[in-house]
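If you read the sequence shown in my numbering, its first letter stands for residue 1, the second for the next number, and so on.
Below: the structure, in structure tokens.
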Amino acid sequence: MMHAIEDNKIEFAKLLIGNKTNIDLKDNSGRDALTYATTCNRKDFIDLLKNNSTNLNT
Numbered sequence: 001m002m003h004a005i006e007d008n009k010i011e012f013a014k015l016l017i018g019n020k021t022n023i024d025l026k027d028n029s030g031r032d033a034l035t036y037a038t039t040c041n042r043k044d045f046i047d048l049l050k051n052n053s054t055n056l057n058t
């Protein structure tokens, strides 16, 4: 998911989610995909991840 966010590949991110990829995993820096999308200012990804995450801390 991090590569999809970094490369701005929203359709690939949707494919990953559709294939039940765990979007709540963390990278080596401890960031989950939602945090990374926020850091990269990728609003489309933020919305997509919020709507599909099982681990929102809000």
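Ideal Cβ placement from N, Cα and C applies to all residues, glycine included.
Fair warning: this is a prediction, and the values are worked out from it, not measured in the lab.
Beta-carbon proximity of residue i to residue j, cut-off 8 Å
i	j	result
Leu49	Ile10	no
Met2	Asp24	no
Asn8	Arg31	no
Tyr36	Ile17	no
Where the alpha helix (DSSP H) containing residue i begins and where it ends
i	result
Gly30	It is not in any alpha helix (DSSP H) - Gly30 carries neither H nor E in the DSSP assignment.
Lys20	It is not in any alpha helix (DSSP H) - Lys20 carries neither H nor E in the DSSP assignment.
Lys50	Lys43 to Asn52
Met2	Met2 to Glu6
Inter-residue CB distance, residue i and residue j (contact presumed, cutoff 8 Å)
i	j	result
Thr38	Ile46	6 Å
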